[in-house]
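Per our numbering, residue 249 is the first one in the sequence shown, and the count goes up by one each step. Virtual Cβ for every residue (Gly too), placed ideally from N, Cα, C.
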Amino acid sequence: MKPNTIISESARPIWQIPIAALFFTVATFILLFALYDIHLSEEGFTLFLHRLEPCIIFISIAIGFTLTKSIHIDIENSRFRPTYNIGPVKLGSWQTIKNYQYVSVFHQPTIGGDYIFEVNLWYDNNKHFELYEEDNYKEAFLIGFELSEQLNIDLLDATEPNNFKWVDKKEWKAKMASGKID
């Protein structure tokens, strides 16, 4: 069993990095201009705040091009840390979870009519920790399977509404060994 695991969204496409850099650069220049031309009066402060509005907009757009989510799992100490990564900056804190019950994989409809598959860790009877979202069933299921194996708990396949079933993990191991995962 691995003592530490990281479940992460896939990296942003390479073309988004220069776009984010451009928006961060423009926001920096707007902020520097606003600070350079600041006047210590009520009218000057109002002008400063109006100049910050586009800066905030550009920073928000840049963050949208760089934001990714990761879950750090410290199995040895029963801790989970969801982090939001904006470039090299990671924001998140550790949460302790005891009494693991099972891992579930289910699908959630999206606004466009497609489905997204979610992997959740259930604990303390009715609480859950959202671990992962993916539009690919196979990838989401493999993440759920691996985590259930590491924690030595059951895996619930809840991808069919009103037809939830517990996964026979021995059968899945055999499928994985033969390479016949559908």
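Name the two residues that bound the continuous beta strand (DSSP E) containing residue i.
i: Trp342; result: No beta strand (DSSP E) holds Trp342; DSSP gives it neither H nor E.
i: Arg327; result: Arg327 to Ile334
Consult DSSP for residue i and reduce its assignment to one of helix, strand or coil.
i: Glu408; result: coil
i: Ser352; result: strand
i: His376; result: strand
i: Leu288; result: coil
Could you spell out the range, first to last residue, of the alpha helix (DSSP H) harbouring residue i?
i: Thr358; result: Run containing Thr358: none; DSSP gives neither H nor E here.
i: Ser318; result: Taken as a continuous stretch (DSSP letters only), Ser318 belongs to no alpha helix (DSSP H), being part of the beta strand (DSSP E) at Leu315 to Asp322.
i: Val415; result: It is not in any alpha helix (DSSP H) - Val415 carries neither H nor E in the DSSP assignment.
i: Ile391; result: Tyr385 to Leu399
For residue i and residue j, what's the separation of their Cα atoms in angstroms?
i: Thr344; j: Pro330; result: 12 Å
i: Phe452; j: Phe296; result: The chain is shown from 249 up to 430; residue 452 falls before or after that span and cannot be answered.
i: Phe328; j: Ile401; result: 16 Å
i: Val415; j: Gly335; result: 37 Å
i: Trp263; j: Thr316; result: 15 Å
i: Leu280; j: His298; result: 14 Å
i: Lys189; j: Ile265; result: Outside the modelled stretch of the chain, which goes from 249 to 430, sits residue 189, for which no answer is possible.
i: Leu399; j: Tyr348; result: 8 Å
i: Lys423; j: Val351; result: 19 Å
i: Asn374; j: Tyr284; result: 54 Å
i: Leu288; j: Lys338; result: 35 Å
i: Ala282; j: Ser318; result: 35 Å
i: Ile321; j: Glu290; result: 50 Å
i: Ala388; j: Thr276; result: 38 Å
i: Glu378; j: Ile286; result: 45 Å
i: Tyr332; j: Ser341; result: 10 Å
i: Tyr363; j: Cys303; result: 35 Å
i: Tyr385; j: Ala268; result: 30 Å
i: Phe354; j: Glu381; result: 10 Å
task: State whether the stretch 355 to 362 contacts the stretch 411 to 422, with contact taken as three or more CB pairs (one from each stretch) at a distance under 8 Å.
output: no
query: Does the stretch 283 to 299 come within contact of the stretch 310 to 318, defined as at least 3 CB pairs closer than 8 Å?
result: no
message: Quick test of the definition: if touching needs 3 or more C-beta pairs under 8 Å, does the stretch 365 to 372 touch the stretch 391 to 404?
response: yes
- request: State whether the stretch 301 to 310 contacts the stretch 269 to 285, with contact taken as three or more CB pairs (one from each stretch) at a distance under 8 Å.
  value: yes
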